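One structure is given here, and the rest of the page talks about it.
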Amino acid sequence: MDKATKIKELRERTGMNRREFCEYFQIPYRTVTEWERDGRHAPDYVIRLLEYYIQMEKMTKKGQADEDMTD
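Read in order, the letters of the sequence shown correspond to residues 16 to 86 in my numbering.
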């Protein structure tokens, strides 16, 4: 999975829109937009940290956790 797809998938997993995601994680809106549009690439460590935080805080929207278990 490419980085742009992974960032978008992580955001969608939380059930947040882009604005909410940016405000929650204190990442500039334009940065996340560029990451998702593949104009810029998120550093690998940022993706890993977001994924870890979302998983540990159980931030996935209802029903998403079951899908993640099968991946």
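All C-beta atoms, glycine included, are put in the ideal place defined by N, C-alpha and C. Please read all numbers here as calculations on a predicted model, not as lab measurements.
Practice problem: Count the other CB atoms, across all protein chains shown, that sit within 10 Å of the CB of T29; report buried if there are 16 or more and exposed otherwise. | Solution: As a working mapping, residue 29 is identified with position 14 in the sequence shown. Label assigned to T29: buried.
Practice problem: Just mark L64 as buried or exposed, buried being the case when its beta carbon has 16 or more other beta carbons within 10 Å. | Solution: As a first step, residue 64 is located in the sequence shown; it is residue number 49 there, counting from the start. Here L64 is exposed. Its C-beta has fewer than 16 other C-beta atoms within 10 Å.
Exercise. Please report the residue range of the alpha helix (DSSP H) in which D59 lies.
Key: Here the question's residue 59 lines up with position 44 in the sequence shown. From DSSP, the alpha helix (DSSP H) with D59 extends over 59-71.
Quiz item: If you draw a straight line from the alpha carbon of A19 to that of R52, how long is it in whole angstroms?
Solution: Taking the first residue of the sequence shown as 1, we reach residue 19 at position 4. Taking the first residue of the sequence shown as 1, we reach residue 52 at position 37. The alpha-carbon atoms of A19 and R52 are separated by roughly 6 Å.
Quiz item: How many whole angstroms separate the CB atoms of Y39 and M31, which I take to be in contact at a CB cut-off of 8 Å?
Solution: Within the sequence shown, numbered from 1, the residue matching residue 39 stands at position 24. Within the sequence shown, numbered from 1, the residue matching residue 31 stands at position 16. At roughly 7 Å, the Cβ-Cβ gap stays under 8 Å, so Y39 and M31 are in contact.
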